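Here the structure comes first, spelled out in structure tokens, and everything after it is commentary.
Shown next, in the form of structure tokens:
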């Protein structure tokens, strides 16, 4: 009975690695990629366009290579399937965050990339109010309001 359990445990723990496509260093289809951001500049929130530069080392120059990419903004993970070189997506952010291109997959071969870029969002305007109490009953107080500088 112990032999059967041991074989079963081996099979279950080995199954995920057997199902994943393997890449070797001399594989012609090793993908590569990078991510870049444009836009931003908003006040309180900003829209960023993220563009993916993707390539494979295959010998056909037909430019129809499709990739799967995984990326992360702050702590949130995103995945895109079937995208081509130059693909872009938009994200609206309310705080400065880091975008990380985690991995690129092409022809069943996944490569970890982990390149990053910081997406800066300017803080929105703020308002501070400082009331001054009246000094005598029946007189008026003063209310002073000021905001931050918008650049």
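In the numbering used here, the protein residues as written are 1 to 151. Glycine included, each C-beta is placed from N, C-alpha and C at the ideal position. Only a predicted model underlies this, so the values are computations on that prediction, with no experimental measurement involved.
Give the DSSP bridge partners of residue i, in chain order.
i           : result
residue 73  : 76, 99
residue 91  : 48
residue 122 : 43
residue 82  : According to DSSP, residue 82 bridges with nothing at all.
Tell me whether residue i is buried or exposed, calling it buried when 16 or more other Cβ atoms sit within 10 Å of its Cβ.
i           : result
residue 111 : exposed
residue 123 : exposed
residue 95  : exposed
residue 152 : The structure shown has nothing for residue 152, since the chain only spans 1 to 151.
residue 47  : exposed
residue 92  : exposed
residue 49  : exposed
residue 105 : buried
residue 45  : exposed
residue 97  : buried
In this structure, does DSSP put residue i in helix, strand or coil?
i           : result
residue 68  : strand
residue 44  : coil
residue 39  : strand
residue 112 : strand
residue 56  : coil
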